[in-house]
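Student: After the structure tokens below, expect a handful of questions from me.
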Ligand SMILES: Nc1ncnc2c1ncn2[C@@H]1O[C@H](COP(=O)(O)OP(=O)(O)O)[C@@H](O)[C@H]1O
Ligand SMILES: [Mg+2]
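If you want it as structure tokens, here you go:
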């Protein structure tokens, strides 16, 4: 049931082999092995400071991995900048752009004509719960809406692989639950390969086809757990015995790592 | 409504001027009645209109050049650390020379041309713009830059879509400050022998002890400064409408 560092079959969409990274004397990541299949939704969980964002920055091509490791996209080790759709921990919307123009930022940088990109964005706005707000500016939106604009921007950057770094971390519990269901709905329609960071176990299980637990720093893959709960998933799932059994299993691993971090004085 | 907000304080100031002169029996040597000053402008309207246009032209040419060079230098300094380390101290040193000392040389170089005055206006404008634009670009969140890079953005994209807009609020702070400086530069330039312009008028009135003409020249100078400032404020309101939210 529990496996460590398993590849996702022979044709992984994204494959990390022995990826490490250090900053000066700090070892942030130590030999991460992870494979993700096409169309899979993988959630990544681990104590804060264990290197999750660092891992994402490497996959997005923003940081170099230390020598010896490799990141393969569709089996090839080319430069990753511009190849995956990356959504950082904060929404980072531009205050001088309205909802539509924030959503088309990536498309615009790719060289799509603005007008066409805006049309596409307009047609997607309803899916992202932003109908009627196309002309609003970020500072006029709620936290949940800002996050949806950032997600729309990520979806509009039409890449097979999406990296979402704690997209709902700053939202209140109710908004977050709503956004989770909404994301699953969107995902089932747009079908992308998703790697999703969270520090919330419920969220990790509820969303994922597979939950990956990272160890305390230096981060590596501590264990992986396939989640065979049926889809579409709804909130009632959160109180089923199956769900709780999985949660029990994962909690032990996560808490062990969190304690290590705590003992190291990093929290 | 906006017009009213502009006109009302002006009317108030005018009333205060007239009222004070009449009620406090101020000698016209210190402050002539506003009516008299406006009358003098009216009597010589073509001359004042010409002086206004000439000084406005000198100040605006220097101001626009200073703004463009300021933003361009800031961009260069932001991208190339070594360039900044090499040239920025020179920029600062240049500003320790008082513009008055510099004025004579500039007139020597350019003669009594528009360029001479514009050069001094430029000299006073480019530095605050450089400093503020650079501060604005340095203040950009590196995560924001990283996000754009992850979309495959080139340096050029990052500059146009992120660095420049982010720096705009600070650039406009500098421009509002520089509007007055550019005017002062143009006036100082005129003092080194120009015959037309608000500064030249001011100096002529001073030599001839024509108090009314001096005040008339001061009003004309205020009109030049107000025009530049007003245009800057209008452009700012259009471009940096999101300023308050930061
Ligand atoms: N650019 C950097 N320079 C130095 N240290 C860094 C840098 N980025 C991350 N770190 C360090 O690497 C570790 C992992 O950070 P991060 O990947 O942000 O963790 P997480 O996202 O899991 O909370 C932390 O100890 C952090 O201080
Ligand atoms: Mg993080």
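Residue numbers (this note's numbering), protein chains in the order written: chain A, 10 to 276; chain B, 18 to 263.
Just so you know, even glycine gets a beta-carbon here, dropped at the ideal spot from N, CA and C.
1. Give me the Cβ distance between residue 257(B) and residue 73(B), rounded to the nearest whole Å; I'm assuming they're in contact under 8 Å.
2. Could you tell me whether any non-hydrogen atom of ligand 1 is closer than 8 Å to the CB of residue 177(A)?
3. Is residue 175(A) close to chain B, meaning its C-beta is less than 9 Å from at least one C-beta of that chain?
4. Which residue marks the beginning of the alpha helix (DSSP H) containing residue 153(B), and which one marks its end?
5. If you drop the 5 nearest sequence neighbours on each side, which residues of the same chain put their C-beta closer than 6 Å to that of residue 93(B)?
6. Can you name, in chain order, every residue of its own chain whose Cβ lies under 8 Å from the Cβ of residue 35(B), other than the five neighbours on each side?
7. Can you grab the Cα-Cα spacing for the pair residue 33(A) / residue 72(A), in whole Å?
8. Is residue 13(A) helix, strand or coil by DSSP?
9. Strictly under 9 Å for the Cβ-Cβ distance: is residue 38(A) near chain B by that measure?
10. Which residues in chain A have a C-beta closer than 7 Å to the C-beta of residue 169(B)? List them in chain order.
11. Give a yes or no on whether the minimum CB-CB distance between residue 213(A) and chain B is below 9 Å.
12. Along the chain, where does the beta strand (DSSP E) that runs through residue 93(A) open and close?
13. With DSSP as the reference, identify every bridge partner of residue 218(A), one or two as the case may be.
14. Between residue 174(A) and ligand 2, is there a pair consisting of the residue's CB and a ligand heavy atom that are separated by less than 8 Å?
15. If we define contact as Cβ-Cβ less than 9 Å, is residue 146(A) a contact residue for chain B?
16. Is there a Cβ from chain A that is less than 9 Å from the Cβ of residue 263(B)?
17. Between the segment 160-188 of chain A and chain B, which residues of the former have CB atoms less than 7 Å from a CB of the latter, in chain order?
18. Would you identify the three-state DSSP class for residue 161(B), choosing helix, strand or coil?
19. Does residue 114(A) get closer than 9 Å to chain B when you measure Cβ to Cβ?
20. Using a Cβ-Cβ cut-off of less than 9 Å, list which residues of the segment 93-104 of chain A approach chain B; keep chain order.
Tutor: Answer, in terms of the structure:
1. Residue numbering aside, residue 257(B) sits at position 240 when the second chain is read from its first letter. Residue numbering aside, residue 73(B) sits at position 56 when the second chain is read from its first letter. Residue 257(B) to residue 73(B), Cβ: 24 Å. No contact.
2. Taking the first chain and counting its residues from 1, the one referred to as residue 177(A) is at position 168. Answer for residue 177(A): no, Cβ out of range of ligand 1.
3. Within the first chain, residue 175(A) is the residue found at index 166, counting from 1. No - not a single Cβ of chain B is within 9 Å of the one on residue 175(A).
4. Position 136 of the second chain holds residue 153(B). Where residue 153(B) is concerned, the enclosing alpha helix (DSSP H) stretches over 131-155.
5. Looking up residue 93(B) in the second chain gives position 76. Contacts found: 100.
6. Indexing the second chain from 1 puts residue 35(B) at position 18. Result list for residue 35(B): 50, 51, 52, in chain order.
7. Translated into positions along the first chain, residue 33(A) becomes position 24. Translated into positions along the first chain, residue 72(A) becomes position 63. Between residue 33(A) and residue 72(A), the C-alpha separation is close to 14 Å.
8. For the purposes of this step, residue 13(A) is identified with residue 4 of the first chain, where counting begins at 1. Caution is warranted here: a pLDDT of 46 is assigned to residue 13(A), below 50, making its placement in the model unreliable, and no coordinate value can be reported.
9. Sequence index remark: in the first chain, residue 38(A) carries index 29 (1-based). No, its Cβ sits nowhere closer than 9 Å to a Cβ of chain B.
10. Walking along the second chain from the start, residue 169(B) turns up at place 152. Per Cβ cutoff of 7 Å: 90, 91, 118, 119.
11. Translated into the one-based positions of the first chain, residue 213(A) becomes position 204. Not an interface residue.
12. Indexing the first chain from 1 puts residue 93(A) at position 84. Residue 93(A) -> no beta strand (DSSP E), and no H or E assigned at all.
13. Residue numbering aside, residue 218(A) sits at position 209 when the first chain is read from its first letter. Residue 218(A) pairs with nothing; no bridge assigned.
14. Mapped onto the first chain, residue 174(A) falls at position 165. Residue 174(A): yes, Cβ under 8 Å from ligand 2.
15. As a working note, residue 146(A) is residue 137 in the first chain. Chain B contact via Cβ: present.
16. Reading the second chain from its first residue, position 246 is the one you call residue 263(B). For residue 263(B), the predicted structure reports a pLDDT of 44, less than 50, and the residue's modelled location is therefore unreliable. A value from the coordinates is still provided. Closer than 9 Å to the CB of residue 263(B) there is at least one CB belonging to chain A.
17. Cβ contacts with chain B: 166.
18. As a working note, residue 161(B) is residue 144 in the second chain. Helix.
19. Locating residue 114(A) in the first chain gives position 105, counting from the first residue. Closer than 9 Å to some Cβ of chain B, the Cβ of residue 114(A) qualifies, so yes.
20. 93, 94, 95, 96, 97, 98, 99, 101, 103, 104
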